[in-house]
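Participant:
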Amino acid sequence: MPPVYDPDAARAEFRAGLRDITPLSLGVALYGLAFGLLAAQVGIKAPLTALMGLTVFAGSSQIVAVERLAAGAGMSVAILAGLALNLRLLLMTASLRDELAGRPLWQIMLGVHLTSDENWGLMHATRCRGGRAGYWYLVGGGTSLIAVWAGATMLGTGFAGLLPDLAAIGLDFAFTAAFILLLRNLWRGPGDLAPWALSAGTTLSVAVLLPVEPSWALIVGGLAGAALAAGRGAAHG
Amino acid sequence: MADPLLVTAGLALGTFAIRLGGYLLGGALPATGPWARGLNALPGCLIAALLAVLLVQAGPAEWGAAALCAVVAVLTRSLPLTMLVGIGAVWLARTLI
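Top line first, the protein sequences correspond to chains X and U. So the first sequence is numbered by this note's numbering: it starts at 5 and just counts up by one. So the second sequence is numbered by this note's numbering: it starts at 501 and just counts up by one.
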């Protein structure tokens with residue numbers, strides 16, 4: 005695919021990616037507004053929220069890191085909790101070898117930076133249906149997502165100043181609700197139950213028994229659950 | 501108080517390193533096997549743990565709203581709907597309790 009460069013085909017694919025991602029971008033917009041509200045609670049201003057959206061571009065990790073800051077966690081553990089959630093991106097960009105092969109460095113850096121759950125998943129879904137979806141399709145979807153994400157989070161942060169008290173209207177619960185949906189979307193089958201339960205149980209035990217910040221407990225619990233998932237699969241072949 | 505700019509820088513650099521690292525490691529990263537299973541399972545485990553922490557620190561109003569959210573999430577898989585139901589339910593419960 006990459007060796008012969010056809011600008012018309014690349015543009016068509018970019019536009020298709022931009023168009024097909026729209027329903028997913030709408031969901032990201034709402035998530036972004038809610039993240040903006042949370043960011044405002046810990047004193048982050050609108051321009052920094054936009055900068056964060058553009059440079060990090062990994063919604064759930066930004067939410068976890070800022071949520072941890074709001075809960076009073078230190079800086080390093082907030083960053084670490086966010087990054088732990090992003091480790092799955094390793095596998096996603098590793099799977100892009102064919103799309104990125106032979107491309108100039110700027111295209112490789114752009115491609116990996118714009119890789120997110122939504123456009124990566126959409127690229128595979130479109131291919132499964134027999135559509136043409138390669139590098140520029142991924143970049144097209146990512147362009148829409150990053151613009152919507154940065155814009156919506158900035159808007160949410162600006163908007164937060166107009167609201168009287170977030171807790172009084174239940175908005176502080178927005179993230180718990182969003183995490184419940186996220187968990188539902190991550191559910192692949194009953195095999196997930198034991199790792200998730202172990203992770204939650206370990207986190208709560210560590211948080212109660214050891215004098216550490218709950219965020220460290222979170223990382224320990226998450227790793228314990230992931231280790232169980234890694235080992236259990238081996239036992240079942 | 502943590503500096504949000506430093507948190508942004510840390511997250512941005514770390515996340516880009518992960519993304520570029522995946523590409524550079526490429527074939528060296530196993531697509532199947534224990535490591536792949538562990539990395540794939542990590543997000544769900546972290547979110548489950550985070551929900552446990554959030555809910556343990558909360559009260560009956562949040563527990564009820566969370567249960568309602570779980571039902572809506574399972575039935576609709578809709579993010580906007582789950583968030584709206586959650587916010588509405590917790591507001592109502594706090595007003596009544």
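Glycine included, every Cβ here is placed at the ideal spot set by N, Cα and C. Predicted, not measured: the structure shown is a model, and the values here were computed from it.
Between X/T59 and X/G134, what straight-line distance do the alpha-carbon atoms span, to the nearest angstrom?
Facilitator: Their Cα atoms are separated by approximately 33 Å.
Participant: For the alpha helix (DSSP H) containing X/F163, list its first residue and its last residue.
Facilitator: From DSSP, the alpha helix (DSSP H) with X/F163 extends over 139 to 164.
Participant: Let's test the definition: count the other Cβ atoms within 10 Å of the Cβ of U/Q557 and tell me whether it reaches 16, buried, or not, exposed.
Facilitator: Counting Cβ neighbours within 10 Å, U/Q557 comes out exposed, since fewer than 16 surround it.
Participant: Using a 10 Å radius around the Cβ and a threshold of 16 neighbouring Cβ atoms, would you call X/H240 buried or exposed?
Facilitator: Residue confidence is low: X/H240 scores 47 on pLDDT, short of 50, so the model does not pin down where it sits. Its coordinate-derived value is still stated next. Counting Cβ neighbours within 10 Å, X/H240 comes out exposed, since fewer than 16 surround it.
Participant: Just verifying my parser: in three-state terms, what is the DSSP assignment at X/Y9?
Facilitator: Residue state, collapsed to three classes: coil.
Participant: Reducing DSSP to helix, strand and coil, say where X/E71 ends up.
Facilitator: In this structure, X/E71 counts as helix in the three-state DSSP scheme.
Participant: Which complete alpha helix (DSSP H) runs does the region 17 to 62 of chain X hold, if anything under 4 residues is left out?
Facilitator: Correct list: 26 to 45, 50 to 59.
Participant: Residues of chain U with CB closer than 8 Å to the CB of X/L166, please, in chain order.
Facilitator: Under the 8 Å cutoff, chain U gives no residues; its nearest Cβ is about 17 Å from X/L166.
Participant: Where do the N-terminal and C-terminal ends of the alpha helix (DSSP H) with X/S80 fall, by residue?
Facilitator: Residues 79 to 90.
Participant: Would you be able to state if there are at least three C-beta pairs under 8 Å between the region 86 to 101 of chain X and the region 530 to 544 of chain U?
Facilitator: Contact between the region 530 to 544 of chain U and the region 86 to 101 of chain X is present, because at least three Cβ pairs lie under 8 Å.
Participant: I want to verify the contact list: residues of chain U whose CB lies under 7 Å from the CB of X/M188, in sequence order.
Facilitator: Per the sequence presented here, residue 188 of chain X reads as Arg, with Met not at that position. Result: A573, V574, R577.
Participant: Scan the region 191 to 214 of chain X for residues whose Cβ lies nearer than 7 Å to a Cβ of chain U and list them as they occur along the chain.
Facilitator: Listed by position, the residues of the region 191 to 214 of chain X near chain U (Cβ gap below 7 Å) are D196, P199, W200, S203, A204, T207, L208, A211.
Participant: According to DSSP, simplified to helix, strand and coil, what is U/I597?
Facilitator: U/I597 falls in the coil class under three-state DSSP.
Participant: Given a cut-off of 9 Å on the beta-carbon distance, is the pair U/V574 and U/G586 in contact?
Facilitator: Not in contact: U/V574 and U/G586 (Cβ atoms no closer than 9 Å).
Participant: Measuring only between beta-carbons, confirm whether X/G174 sits less than 9 Å from chain U.
Facilitator: Chain U contact via Cβ: present.
Participant: Can you list the residues of chain X that U/I587 reaches, using a CB-CB cut of under 8 Å?
Facilitator: Those are I173, G174, L175, F177, A178, A181, listed as they occur along chain X.
Participant: Once the 5 residues before and after X/A228 are set aside, which same chain residues still bring their CB inside 7 Å of it?
Facilitator: Hits under 7 Å: L202, S203, T206.
Participant: According to a CB-to-CB cut-off of less than 7 Å, which residues of the region 23 to 44 of chain X neighbour chain U?
Facilitator: So the list reads G31, L34, Y35, A38, given in the order they occur along the chain.
Participant: How should X/A43 be labelled, buried or exposed, when 16 other C-beta atoms within 10 angstroms of its C-beta is the threshold for buried?
Facilitator: Buried: at least 16 other Cβ atoms inside 10 Å.
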